[in-house]
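Here's the structure we're looking at; comments come further down.
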Amino acid sequence: MLFNIFMNDLVYTTENSKMLNYADDTKIYLSHSEPQIVEGGINRDLESAGLWFKENGMMPNPKKYQAIVLGSKGCDINFQCVNETIPTSNEIKLLGVTLDSKLKFDAHVASLCRKVGGR
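Here the working numbering is used: the first residue of the sequence shown is 19, the next is one more, and so on.
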(Lines of atoms letter the chains of each structure in order from A; the text may use other names.)
(Lines give C-alpha, C1' and ligand atoms only; values in the text may rest on other atoms or scores of the structure.)
Protein backbone atom coordinates (compact mmCIF):
# COMPACT_ATOMS: atom_id res chain seq x y z
CA MET A 19 0.00 0.00 0.00
CA LEU A 20 2.86 2.39 0.79
CA PHE A 21 4.30 1.73 -2.66
CA ASN A 22 0.98 2.66 -4.27
CA ILE A 23 0.78 5.87 -2.24
CA PHE A 24 4.34 6.75 -3.24
CA MET A 25 3.69 6.07 -6.95
CA ASN A 26 0.31 7.84 -6.94
CA ASP A 27 1.56 11.17 -8.33
CA LEU A 28 3.41 9.57 -11.27
CA VAL A 29 0.20 9.98 -13.31
CA TYR A 30 0.65 13.76 -13.16
CA THR A 31 3.82 13.56 -15.27
CA THR A 32 1.93 12.72 -18.47
CA GLU A 33 0.73 15.59 -20.64
CA ASN A 34 0.08 13.83 -23.94
CA SER A 35 -1.03 10.34 -23.00
CA LYS A 36 -3.07 8.60 -20.31
CA MET A 37 -1.62 6.47 -17.55
CA LEU A 38 -3.20 3.57 -15.69
CA ASN A 39 -1.79 2.06 -12.50
CA TYR A 40 -2.69 -1.26 -10.96
CA ALA A 41 -0.48 -2.28 -8.04
CA ASP A 42 3.05 -2.17 -9.49
CA ASP A 43 1.85 -2.40 -13.10
CA THR A 44 1.71 0.91 -15.01
CA LYS A 45 0.44 1.44 -18.56
CA ILE A 46 0.89 4.54 -20.73
CA TYR A 47 -1.36 4.78 -23.75
CA LEU A 48 -2.29 7.26 -26.45
CA SER A 49 -4.83 7.01 -29.24
CA HIS A 50 -4.54 8.97 -32.48
CA SER A 51 -4.93 8.30 -36.20
CA GLU A 52 -1.39 9.57 -36.90
CA PRO A 53 1.34 7.15 -35.70
CA GLN A 54 3.90 9.99 -35.46
CA ILE A 55 1.73 11.80 -32.91
CA VAL A 56 1.44 8.61 -30.85
CA GLU A 57 5.19 8.05 -30.97
CA GLY A 58 6.08 11.65 -30.08
CA GLY A 59 3.50 11.95 -27.31
CA ILE A 60 4.42 8.72 -25.59
CA ASN A 61 8.15 9.38 -25.90
CA ARG A 62 7.77 12.84 -24.31
CA ASP A 63 5.74 11.34 -21.47
CA LEU A 64 8.27 8.54 -20.98
CA GLU A 65 10.95 11.20 -20.69
CA SER A 66 8.86 13.09 -18.10
CA ALA A 67 8.26 9.87 -16.16
CA GLY A 68 12.01 9.19 -16.23
CA LEU A 69 12.65 12.61 -14.69
CA TRP A 70 10.02 11.87 -12.03
CA PHE A 71 11.78 8.61 -11.18
CA LYS A 72 15.12 10.41 -10.89
CA GLU A 73 13.68 13.22 -8.71
CA ASN A 74 12.12 10.64 -6.39
CA GLY A 75 15.27 8.54 -5.98
CA MET A 76 14.08 5.68 -8.18
CA MET A 77 15.42 4.11 -11.33
CA PRO A 78 13.21 2.98 -14.22
CA ASN A 79 13.91 -0.45 -15.66
CA PRO A 80 13.31 -0.16 -19.43
CA LYS A 81 14.35 -3.79 -19.91
CA LYS A 82 10.96 -4.75 -18.43
CA TYR A 83 9.02 -2.35 -20.66
CA GLN A 84 6.81 -3.70 -23.45
CA ALA A 85 4.91 -1.97 -26.23
CA ILE A 86 2.09 -2.94 -28.55
CA VAL A 87 0.51 -0.89 -31.32
CA LEU A 88 -3.18 -1.54 -31.81
CA GLY A 89 -4.99 -1.01 -35.08
CA SER A 90 -2.15 0.28 -37.26
CA LYS A 91 -0.87 -1.76 -40.15
CA GLY A 92 2.72 -1.46 -41.22
CA CYS A 93 3.61 1.59 -39.12
CA ASP A 94 7.10 1.78 -37.71
CA ILE A 95 6.87 3.29 -34.23
CA ASN A 96 9.95 3.62 -32.03
CA PHE A 97 9.45 4.14 -28.30
CA GLN A 98 12.45 5.29 -26.23
CA CYS A 99 13.04 5.39 -22.49
CA VAL A 100 16.34 6.26 -20.82
CA ASN A 101 18.07 6.00 -24.23
CA GLU A 102 16.84 2.44 -24.73
CA THR A 103 14.40 1.29 -27.37
CA ILE A 104 11.30 -0.39 -25.99
CA PRO A 105 10.54 -3.51 -28.03
CA THR A 106 7.22 -3.51 -29.87
CA SER A 107 5.51 -6.86 -30.30
CA ASN A 108 2.28 -8.23 -31.76
CA GLU A 109 1.32 -9.87 -28.45
CA ILE A 110 1.44 -8.61 -24.92
CA LYS A 111 0.51 -10.00 -21.53
CA LEU A 112 -1.57 -7.63 -19.39
CA LEU A 113 -2.37 -8.75 -15.86
CA GLY A 114 -2.16 -12.39 -16.87
CA VAL A 115 -4.19 -12.07 -20.08
CA THR A 116 -2.43 -12.36 -23.44
CA LEU A 117 -3.85 -10.36 -26.31
CA ASP A 118 -2.64 -9.40 -29.74
CA SER A 119 -2.55 -6.22 -31.80
CA LYS A 120 -6.05 -6.98 -33.13
CA LEU A 121 -7.41 -7.37 -29.57
CA LYS A 122 -8.00 -11.08 -30.02
CA PHE A 123 -7.48 -13.62 -27.27
CA ASP A 124 -6.34 -16.50 -29.49
CA ALA A 125 -2.90 -16.75 -27.84
CA HIS A 126 -4.45 -16.59 -24.37
CA VAL A 127 -7.01 -19.31 -25.17
CA ALA A 128 -4.28 -21.51 -26.69
CA SER A 129 -2.16 -21.06 -23.57
CA LEU A 130 -5.09 -22.04 -21.34
CA CYS A 131 -5.80 -25.10 -23.49
CA ARG A 132 -2.15 -26.21 -23.19
CA LYS A 133 -2.30 -25.83 -19.40
CA VAL A 134 -5.58 -27.73 -19.12
CA GLY A 135 -4.40 -30.39 -21.58
CA GLY A 136 -1.28 -30.99 -19.49
CA ARG A 137 -3.37 -31.82 -16.45
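Quick reminder that beta carbons are idealized off the backbone N, C-alpha and C, glycines included.
- In the DSSP assignment, alanine 85 forms a beta bridge with Thr106.
- The Cβ atoms of leucine 64 and cysteine 99 sit closer than 8 Å to each other.
- Just so you know, the alpha carbons of methionine 76 and glycine 136 end up roughly 41 Å apart.
- The count of Cβ pairs closer than 8 Å, one atom from the segment 107-118 and one from the segment 56-71, stays below three, leaving the stretches out of contact.
- Residue pairing by DSSP places valine 115 opposite Leu112 in a beta bridge.
- In terms of CA proximity to asparagine 101, Pro78 leads the group Leu38, His126, Pro78 and Asn74.
- Taking C-beta atoms as the reference points, glutamate 57 and isoleucine 104 fail to come closer than 8 Å.
- Around the Cβ of isoleucine 23, a 10 Å sphere holds fewer than 16 other Cβ atoms; the residue is exposed.
- Bounds of the beta strand (DSSP E) holding asparagine 39 are 36-40.
- Look at isoleucine 46 here: in three-state DSSP terms it is strand.
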